[in-house]
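The structure appears right after this line, and notes come after that.
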Amino acid sequence: MPERRDAARNRAAILAAASRLIGERGLDAVNMEDVAVAAGVGKGTVFRRFGDREGLIQAVVAESAEAWKAESEVLVTSTDRPPDERVITFVATLFDHVMAHLPVVRALEQVSARGSGCDANFDLTHSRLSALIAQVRPYEDADFLAHALLANLRGEHLHHLVHRVGLPVQQVRLGVIALARAVLTGDLVGAGRDATMPPL
890 MPERRDAARN
900 RAAILAAASR
910 LIGERGLDAV
920 NMEDVAVAAG
930 VGKGTVFRRF
940 GDREGLIQAV
950 VAESAEAWKA
960 ESEVLVTSTD
970 RPPDERVITF
980 VATLFDHVMA
990 HLPVVRALEQ
1000 VSARGSGCDA
1010 NFDLTHSRLS
1020 ALIAQVRPYE
1030 DADFLAHALL
1040 ANLRGEHLHH
1050 LVHRVGLPVQ
1060 QVRLGVIALA
1070 RAVLTGDLVG
1080 AGRDATMPPL
């Protein structure tokens, strides 16, 4: 049954308000009542629609992840480029997505770490990256290599490098891409050197 127009409008307003408040205040400083006020709806509407705060956070992330999921599926199924090029593009595009939605991605990671939510987006991303790596290095443990690369693309890790350590975003991006190249070639020594290569 199609969603009613007013219900769809309320859902969009709630998700937009939650995303904005998380970006401004951080996850722990946002509650359901704050989101309801910012969205211009009743608190009961937010609870009925999303269940609890964790459900709301997951919905916000799912909304921001739709474009990434579609793009990553194309990278996995496409045959117009060699698998190694698709791995690099996959990693670079994921980096851009995480940085563009950093507060929301970190919020979901916090919820998942507390054991009160599941990170289905991460599981899907991992399985797709692992499948790509397996095409390049069929005799290696693609599952582990995908986890190793994705560990460097977690929102909290990137936040630490950019906002606490103070590294420029472009330097971190090049480093992540260099690490992906090193995983594919086995040349971990060259990863630091490759970080100075022109951007993808």
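In terms of this note's numbering, the sequence shown is residues 890 to 1089.
Think of the CB as a built atom: it goes at the ideal place given N, C-alpha and C, for glycine as much as any other residue.
Three-state secondary structure assigned by DSSP to residue i
i, result
"N1010", "helix"
"N1093", "Any answer about residue 1093 is impossible in this case: the structure gives the chain only from 890 up to 1089."
"E960", "helix"
"V930", "coil"
"S1005", "Reliability fails at S1005, whose pLDDT of 48 lies under 50, so the model's placement of it is uncertain and no value is given."
"L1021", "helix"
"D1160", "The chain is shown from 890 up to 1089; residue 1160 falls before or after that span and cannot be answered."
"P971", "coil"
"G1044", "helix"
"G940", "coil"
"R1026", "coil"
"L1056", "coil"
Nearest-angstrom beta carbon gap, residue j and residue i [assumed within contact, 8 Å]
i, j, result
"F984", "V919", "F984 to V919, Cβ: 26 Å. No contact."
"V930", "M921", "That pair is no contact at about 11 Å."
Beta-carbon proximity of residue i to residue j, cut-off 9 Å
i, j, result
"V1000", "L1047", "no"
"L964", "F979", "yes"
"A1031", "I1022", "yes"
"E1045", "R995", "yes"
"A907", "V976", "no"
"V950", "H990", "yes"
"L1018", "L1039", "yes"
"L904", "A948", "yes"
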